[in-house]
Amino acid sequence: MSAIKLTLNGVAIADDVVPRLSLVDFLRERRNLTGTHLGCEHGVCGACTVLVDGEPARSCLILAVACDRHDIRTIEGFADDSVMAALRDSFHRLHGLQCGFCTPAMLITARDLIRRGKAGSEAEIRAGLAGNICRCTGYTNIVAAIAATARSLAGGNVA
Amino acid sequence: MKAAAVDYVRPGSLDEALALLARADVDARVLAGGQSLVAMMNLRVATPELLIDIARLPELRAVDEDADTVMFGACVTHAAIEDGLVADPSRGLMPTVAASLGYRAIRNRGTIGGSLALADPAAEWPAVLAALDGEAIVQGPQGRRSLNCAGFVTGIYETRLAAGEIITGLRVPRLSAGARWGYVKLARKSGEFAMSLAVAVHDPARHHARIVIGATDGAPLVLDEASLLCAGGRFDADAFRLAISADLDRAGDRQFETFHRDLHATSALRAIRQALA
Amino acid sequence: MSVTHGASHHGVGASLPRREDQRHLQGRGEFVSDIKLSGTMEVAFVRSPHAHARIRSITAPAEARGRVFTAADLPRIKPIRVVTQATGAKSPAWPPLATDKARYVGEAIAACIAPTRGEAEDLANAVAVDYEVLTAVVDAPRDMRGSPALVHDHWGDNLFVERVVEGGDIDAAARAAEITVTREYRMNRQSGAPLEGRAVLAYRDHRLDEVVVYASTQTPHTVRVAIAEFLDIQERRIRVVAPDVGGGFGPKARLYPEEIILAALALQLDHPVRWVEDRSEHLTTSAHTRDHHYTVTAYADRQGKLLGIDTDIIVDAGAYGLWPQGPYQEANMAARTLPGPYTLANYRARTYTVATNKAPLGPYRGVGRPGATFAAERTIDEIARAVGRDPVEVRALNMIPPEQMPFTSVTGMRYDTGDYARCLRLCAELLDMPEVRARQAHGEMDGRLIGIGFASFTEQTAHGAAEFASRGAAIIPGFESCTARILTDGSMVLMVGIQSHGQGLETTLSQIAAEELGIDPERVSVRHGDTESTAFGFGTFASRSMVMSGGAVARASRMLREKLLKIGAHLLQCDPAEARCADGLVLGPRGSVSIAEIAKVAHLRMDGLPPGTDPLLDATATYEPGISTGVFSYATHGAVVAVDPETGFIELLDFAVAEDCGTMVNPMLVEAQIRGGVVQGIGTAFYEEIPYDEQGQPLAVTFADYLMPGAAELPAIKIGHLHTPATATEYGMKGMGEGGAVAPPAAIANAVRDALAPLGAEVNETPITPQRVMAAIRAARGD
């Protein structure tokens with residue numbers, strides 16, 4: 000067992016983990032944060048996307064033990080985030096989810112696109128979503144929701 | 000599937016990492032970005048006993064430049080290259096390649112050194128670094144040495160890394176102002192591994208012309224005759240077709256079935272056209 | 000009785016945003032693997048690495064005694080067997096844990112238990128199984144008869160069933176034909192691949208004396224029926240719950256061995272047990288789908304008018320039949336729908352459902368229709384080319400005109416309403432066909448070839464008892480149920496037997512209650528997916544939920560409306576005929592009373608009830624459409640592609656759907672279902688395939704090899720609607736959930752055919768990969 004200390008959703012925590020434990024299983028099984036989902040465990044589907052040190056990463060391809068001294072944020076950790084709030088509102092109004100399984104990861108990826116200024120056009124958004132599979136929606140409404148959010152946030156930013 | 004049991008250590012220095020790797024009594028693997036290794040562990044096709052985590056070693060993440068070259072620490076991420084956060088000696092080729100690789104979440108963690116060391120046959124960096132005439136700086140129990148990227152990968156998941164060696168840096172010569180390049184990656188889906196990959200670099204001021212194809216189910220293939228023709232600087236499609244064909248015939252260790260052979264030839268020609276036309 | 004249609008602006012026709020969104024947006028969905036029960040042990044299976052092998056012995060490590068379970072250790076489990084009335088059909092016994100033989104790669108041999116999944120897998124790897132490897136049956140057309148290797152030893156052949164569907168006089172059509180077109184088509188085996196794999200969590204509830212099984216399933220009630228049957232327990236001692244389910248699409252509408260095994264383990268071990276499918280397990284063992292081979296000969300006159308179609312249909316159904324329906328309906332549905340929306344009078348389909356050493360085949364969005372549509376619509380295009388006419392015109396020529404509705408097809412399908420040709424032309428309009436033709440003629444700078452193609456089809460939905468009985472099904476999903484209950488404060492619960500896993504039924508069913516009662520949907524909860532709280536229902540599949548469950552909600556709501564009006568009128572001292580429901584009230588000529596006040600009287604102040612009226616506001620209703628042969632949605636899909644003739648790579652430039660599903664309860668949700676289905680159809684057209692090698696090894700078992708469409712590969716999908724309400728359903732609704740997935744492979748293959756017409760190349764197999772395109776081009780060149 001290895002002792003780890005990390006910041007999880009803004010809170011400093013300490014835990015003991017076996018090295019083989021993936022970050023996603025650490026979050027889901029040990030920290031009871033089940034909003035991060037597992038769709039493949041080989042890094043393709045994107046359902047396990049979380050923020051590691053502020054950047055999207057596949058939690059199925061990261062060991063919990065390797066997160067010692069790092070900052071992790073999951074879908075449960077955006078309560079005060081205005082971009083996430085705007086995205087949630089758009090996804091709801093524009094019907095950007097069906098079964099909900101890909102949704103937390105979609106939101107985290109979408110927020111990162113907006114944050115990096117990569118949500119300016121439909122083509123750009125679609126390219127930015129390449130790493131997030133959705134089997135239900137056909138992506139159209141997800142793209143529309145992200146575009147609408149990006150526009151409304153840009154409109155709100157008075158220079 | 001869940002990974003098999005494994006031990007993990009995060010050494011505080013490169014020397015410590017090398018000492019751990021040199022132990023003969025344990026099957027150890029170096030862990031950088033983990034985007035390939037952990038995926039393989041999750042499928043239990045890789046079952047190391049010890050992981051030596053070098054991802055955060057500052058000496059492996061540094062980027063140094065001089066007038067002629069840029070030295071990338073082996074653990075520089077694809078995203079850092081994509082975003083232009085580090086120096087670019089390739090006049091846009093490396094950021095373009097980085098952006099085409101996998102998905103952003105993978106690029107945030109995956110490293111250029113890790114990609115070269117793994118030598119997945121469909122990976123991008125081995126072919127691109129070979130085309131740019133880069134060098135891999137490796138360090139091991141026998142000390143430090145430098146290996147040209149053009150011959151670094153020798154087969155599927157096979158490189159010239161000796162036991163106990165780690166890639167510590169990639170030194171890439173700067174392309175001159177008049178250099179041109181072409182890059183073609185054919186994949187059915189954005190971010191997928193390439194079905195065909197071709198890189199053409201023409202830097203007449205440095206007398207460097209090299210055409211390399213990847214995703215050939217083996218080591219990246221340098222197309223010597225096409226490269227020679229490329230040095231002439233003129234795009235003659237028919238001449239290049241013949242040269243590429245001759246080069247593919249000469250790749251004796253590989254049997255290309257028709258579809259893949261034609262695809263590689265087409266990609267190579269298109270990359271050359273991008274560079275020269 | 001007063002009429003209260005449109006009692007709410009939140010009713011039928013409103014594009015209401017969904018109630019179910021909030022939990023998912025917050026990461027608070029509750030999928031099976033999110034549920035934590037203390038003491039849970041994880042299960043990993045020893046699975047056969049061989050496609051066909053005799054099992055000689057299974058040896059668990061000594062220290063693992065009590066943690067490894069073979070069939071012998073769980074004797075209460077009876078083999079799964081599909082009962083079918085289909086004549087001549089064979090139905091193999093399927094022991095959930097293999098006994099004497101393994102018949103497909105991935106078949107479960109033993110269950111291993113440990114505190115974590117990783118440790119359970121370690122244990123599974125330590126179990127030694129001695130196999131005698133046998134020759135695998137892998138080629139359905141070749142091996143169906145006369146093969147020395149038999150999937151089921153006592154069968155004598157490898158045929159589940161063969162059947163002929165025919166009508167008219169095909170031989171006369173052949174004689175009269177001026178044009179004959181013959182082709183072979185293949186739709187390759189693939190997965191439904193929902194993003195959440197299967198999962199089962201089971202435990203014993205001692206207080207209620209039942210075994211509780213959480214399962215990621217579309218059909219909880221029928222899973223309960225199965226557990227009762229195959230574990231020999233009374234149903235009252237079983238609860239099955241499908242909580243949030245991360246996509247189903249059909250593969251989760253069948254019983255799986257793991258559900259039986261986990262229930263048995265829970266009963267035996269007295270602690271919770273959990274199995275969460277990983278992606279390789281899913282791609283290897285969850286129901287495979289499609290896998291059809293067609294040989295089609297079509298006869299036509301010189302104008303392109305169809306005279307007859309003669310076809311052989313082979314379905315590679317894998318090793319076992321999935322309970323309850325087995326593999327029999329796949330070929331049957333393909334055979335019956337192949338005539339499409341056309342006035343075809345002469346038809347013969349010989350169908351063969353073949354057993355192979357592959358994973359069992361199951362339903363997936365469209366079931367038999369995508370394959371049949373692929374075969375029929377490619378053929379229509381070839382007829383058009385043979386007679387030198389535009390494929391759109393040849394379709395229109397053959398389509399059933401609206402004045403002939405209702406029309407009974409040559410295979411006995413009764414098309415109820417629709418204007419197929421108008422739909423076809425709408426689709427061509429959406430794609431701006433003249434502009435595409437102009438671009439095509441002009442040529443592309445990069446040398447790519449442009450093509451446009453169409454495919455038209457009808458979709459039988461919400462079919463009931465008569466239809467399933469005609470298929471020889473042992474279980475007839477002919478109705479749905481609803482218990483509608485108004486609580487003491489006037490808020491409402493709808494308890495339904497379907498299972499919403501993305502379709503938005505928690506919202507749309509509340510819209511129907513709003514329509515009937517004028518209640519605000521915000522005051523309505525929908526409970527689904529739990530055998531504990533809902534009357535028997537069949538689940539969500541076959542594009543049936545809105546019509547069937549919506550119909551049951553409507554009926555139950557109207558029963559409550561009648562009672563509300565009665566009590567309300569009594570409280571308002573008026574005649575019930577003078578009262579109506581709207582905006583959460585019962586309105587009379589001289590005042591109003593709220594549903595809440597009425598509910599209080601009905602429960603807490605029964606002294607206020609009219610004489611002869613019982614307390615409670617609780618009604619249970621079932622529903623089946625007036626026509627149990629189904630109501631038919633229909634559509635034409637169109638695709639525009641750019642094909643690179645040097646590499647075989649294809650870009651989908653544009654895609655349009657013109658469709659008619661009658662009345663739409665929530666148009667926003669309907670359009671999203673269409674788009675979701677279309678993208679899955681695009682997946683079938685370009686990417687999705689699980690090939691098997693000669694030894695029966697599946698070759699795509701991770702998402703590195705099994706590709707699905709991502710956002711970057713897709714154009715915006717245009718949708719146009721016609722509205723021809725059904726005459727036999729509530730509000731004129733028709734089912735539409737599957738339609739999107741039916742036609743894209745055909746439309747895209749026709750577009751590719753159009754693009755490559757100058758080269759004379761055709762691709763008649765899905766997925767249309769660059770390899771297949773280049774092979775077609777080389778073949779046309781005579782290489």
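Protein chains in written order, with numbering that gives the first Met the number 0: chain X, 0 to 158; chain P, 0 to 276; chain F, 0 to 782.
Backbone N, C-alpha and C define an ideal beta-carbon position, used for all residues, glycine too.
| request: Tell me, please, which residues DSSP counts as bridged to R240 (chain P). | output: In the second sequence, the residue the question calls residue 240 (chain P) occupies position 241. According to DSSP, which records beta bridges pairwise, R240 (chain P) is partnered with nothing at all.
| Going straight from the alpha carbon of R205 (chain P) to that of P172 (chain P), what length do you get? | Stepping through the second sequence from its first residue, residue 205 (chain P) is reached at position 206. Stepping through the second sequence from its first residue, residue 172 (chain P) is reached at position 173. Computed Cα separation, rounded: 10 angstroms.
| query | How many angstroms separate the CA atom of P16 (chain F) from the CA atom of P520 (chain F)? | reply | Walking along the third sequence from the start, residue 16 (chain F) turns up at place 17. Walking along the third sequence from the start, residue 520 (chain F) turns up at place 521. When rounded, the distance between both Cα atoms is 11 angstroms.
| Between the Cα of I379 (chain F) and the Cα atoms of F:I112, F:T39, F:T296, which residue gives the shortest distance? | By one-based count along the third sequence, residue 379 (chain F) stands at place 380. Per the Cα distances, F:T296.
| said: Quick check: the segment 650-667 of chain F against the segment 704-723 of chain F, are at least 3 beta-carbon pairs closer than 8 angstroms? | reply: yes
| For K599 (chain F), the three-state DSSP class (helix, strand or coil) | As a first step, residue 599 (chain F) must be located in the third sequence, where it is residue number 600. Helix, per DSSP.
| Option nearest G339 (chain F) by Cα separation, candidates F:D156, F:Q217, F:F456 | Within the third sequence, numbered from 1, the residue matching residue 339 (chain F) stands at position 340. Comparing Cα-Cα distances from G339 (chain F) to each of F:D156, F:Q217, F:F456, the minimum goes to F:F456.
| Distance CB(S544 (chain F))-CB(I497 (chain F)) smaller than 8 angstroms | Position 545 of the third sequence, counted from the first residue, corresponds to residue 544 (chain F). Position 498 of the third sequence, counted from the first residue, corresponds to residue 497 (chain F). Yes. Within cutoff.
| query | Is the beta carbon of H9 (chain F) sitting closer than 8 angstroms to the one on G695 (chain F)? | reply | By one-based count along the third sequence, residue 9 (chain F) stands at place 10. By one-based count along the third sequence, residue 695 (chain F) stands at place 696. No; because the gap between Cβ atoms is not below 8 angstroms, this pair is not in contact.
| message | Which residues of the segment 61-89 of chain F have a Cβ closer than 9 angstroms to any Cβ of chain P? Give them in chain order. | response | none
| request: Specify the secondary structure class of V391 (chain F) as computed by DSSP and reduced to three states. | output: Walking along the third sequence from the start, residue 391 (chain F) turns up at place 392. The answer is helix: DSSP assigns V391 (chain F) an H, G or I state.
| task | Would you mind reading off the limits of the beta strand (DSSP E) that contains L448 (chain F)? | result | Here residue 448 (chain F) refers to the residue found at position 449 when the third sequence is read from its first residue. First-last of the beta strand (DSSP E) with L448 (chain F): 448-460.
| field | Which residues DSSP lists as bridging L305 (chain F), in chain order | value | By one-based count along the third sequence, residue 305 (chain F) stands at place 306. Its beta-bridge partners are F:A299.
| Ends of the alpha helix (DSSP H) at L261 (chain F)? | Translated into positions along the third sequence, residue 261 (chain F) becomes position 262. Segment 256-268, the alpha helix (DSSP H) holding L261 (chain F).
| said: Going by DSSP in three states, A122 (chain P) sits in which element: helix, strand or coil? | reply: Here residue 122 (chain P) refers to the residue found at position 123 when the second sequence is read from its first residue. Three-state result, A122 (chain P): coil.
| query | Is I108 (chain F) near W93 (chain F), with beta carbons less than 8 angstroms apart? | reply | Indexing the third sequence from 1 puts residue 108 (chain F) at position 109. Indexing the third sequence from 1 puts residue 93 (chain F) at position 94. In this structure, W93 (chain F) does not lie closer than 8 angstroms to I108 (chain F) by Cβ.
| query | Does the distance from the C-beta atom of V160 (chain F) to that of A88 (chain F) stay below 8 angstroms? | reply | Translated into positions along the third sequence, residue 160 (chain F) becomes position 161. Translated into positions along the third sequence, residue 88 (chain F) becomes position 89. Taking 8 angstroms as the Cβ cut-off, V160 (chain F) and A88 (chain F) qualify as a contacting pair.
| request: Could you please tell me which residues of the segment 690-717 of chain F, in chain order, have their CB closer than 7 angstroms to any CB of chain X? | output: T701, F702, A703, M707, G709, A710, A711, L713, A715, I716
| said: Going by C-alpha to C-alpha distance, which of F:R384, F:A483, F:E515 sits closest to S524 (chain F)? | reply: Taking the third sequence and counting its residues from 1, one reaches residue 524 (chain F) at position 525. It is F:A483.
| query | Does A671 (chain F) come within less than 8 angstroms of chain X when only Cβ atoms are used? | reply | Within the third sequence, numbered from 1, the residue matching residue 671 (chain F) stands at position 672. Output row for A671 (chain F): interface = yes.
| Nearest-angstrom Cα distance between E783 (chain F) and G196 (chain F)? | Outside the shown range of chain F, which is 0 to 782, sits residue 783 (chain F), and nothing can be said about it.
| task | With a cut-off of 8 angstroms on the beta carbons, I'd call A110 (chain F) and I260 (chain F) a contact; round off their distance for me. | result | Indexing the third sequence from 1 puts residue 110 (chain F) at position 111. Indexing the third sequence from 1 puts residue 260 (chain F) at position 261. Right, the Cβ-Cβ distance comes to about 6 angstroms (below 8 angstroms), so this counts as a contact.
| said: Taking the alpha carbon of A11 (chain X) as the reference point, which residue from X:R30, X:V17, X:S81, X:G137 has its own alpha carbon closest? | reply: Here residue 11 (chain X) refers to the residue found at position 12 when the first sequence is read from its first residue. Selected option, being the one with the closest Cα: X:R30.
| field | Spatial neighbours of L19 (chain P) in its chain, beta-carbon cut-off 8 angstroms, leaving aside the 5 residues before and after | value | For this step, residue 19 (chain P) is matched to residue 20 along the second sequence. Cβ neighbours of L19 (chain P) beyond the five flanking positions: V8, P10, A27, L49, I51.
| message | At the level of alpha carbons, what is the spacing between G442 (chain F) and L448 (chain F)? | response | As a working note, residue 442 (chain F) is residue 443 in the third sequence. As a working note, residue 448 (chain F) is residue 449 in the third sequence. Their Cα atoms are separated by approximately 7 angstroms.
| request: Kindly say whether G33 (chain P), judged by its beta-carbon, lies nearer than 8 angstroms to any beta-carbon of chain X. | output: What you label residue 33 (chain P) is simply residue 34 of the second sequence in a count that begins at 1. So yes, G33 (chain P) belongs to the interface.
| task | Report the partner residues of H201 (chain P) according to the DSSP bridge assignment. | result | Along the second sequence, read from residue 1 onward, the residue named residue 201 (chain P) stands at position 202. In the DSSP output, where bridge partners are listed per residue, H201 (chain P) has P:R179, P:A208.
| Residue burial classification, A437 (chain F) (beta-carbon count within 10 angstroms, cutoff 16) | Here residue 437 (chain F) refers to the residue found at position 438 of the third sequence. With fewer than 16 other Cβ atoms within 10 Å, it is exposed.
| field | Secondary structure of S593 (chain F), DSSP reduced to three states | value | Indexing the third sequence from 1 puts residue 593 (chain F) at position 594. S593 (chain F): strand per DSSP, three-state reduction.
| Looking at the structure shown, is F151 (chain P) part of a helix, part of a strand, or coil, going by DSSP? | For the purposes of this step, residue 151 (chain P) is identified with residue 152 of the second sequence, where counting begins at 1. Note: F151 (chain P) maps to coil in three-state DSSP.
| field | Rounded separation between T662 (chain F) and A740 (chain F) - CA only | value | The count along the third sequence starts at 1 and reaches residue 662 (chain F) at position 663. The count along the third sequence starts at 1 and reaches residue 740 (chain F) at position 741. Rounded to whole angstroms, T662 (chain F) to A740 (chain F) spans 20 angstroms at the Cα level.
| Neighbour list for D63 (chain P) in chain F, Cβ cutoff strictly below 7 angstroms | Translated into the one-based positions of the second sequence, residue 63 (chain P) becomes position 64. What D63 (chain P) touches in chain F: nothing, since even the nearest Cβ is about 35 angstroms away.
| query | Looking at the unbroken alpha helix (DSSP H) that takes in E224 (chain P), where does it start and where does it end? | reply | As a first step, residue 224 (chain P) is located in the second sequence; it is residue number 225 there, counting from the start. Taken as a continuous stretch (DSSP letters only), the alpha helix (DSSP H) holding E224 (chain P) covers 223-230.
| Is there contact between the segment 656-676 of chain F and the segment 719-736 of chain F, where contact requires at least three CB pairs shorter than 8 angstroms? | yes
| request: Buried or exposed for W180 (chain P), please, with buried defined as at least 16 other CB atoms from any protein chain shown within 10 angstroms of its CB. | output: Sequence index remark: in the second sequence, residue 180 (chain P) carries index 181 (1-based). Burial call: buried.
| Beta-carbon separation of S632 (chain F) and E458 (chain F) under 8 angstroms? | Here residue 632 (chain F) is taken as the residue at index 633 of the third sequence, counted from 1. Here residue 458 (chain F) is taken as the residue at index 459 of the third sequence, counted from 1. Their beta carbons are under 8 angstroms apart, which means S632 (chain F) touches E458 (chain F) by this criterion.
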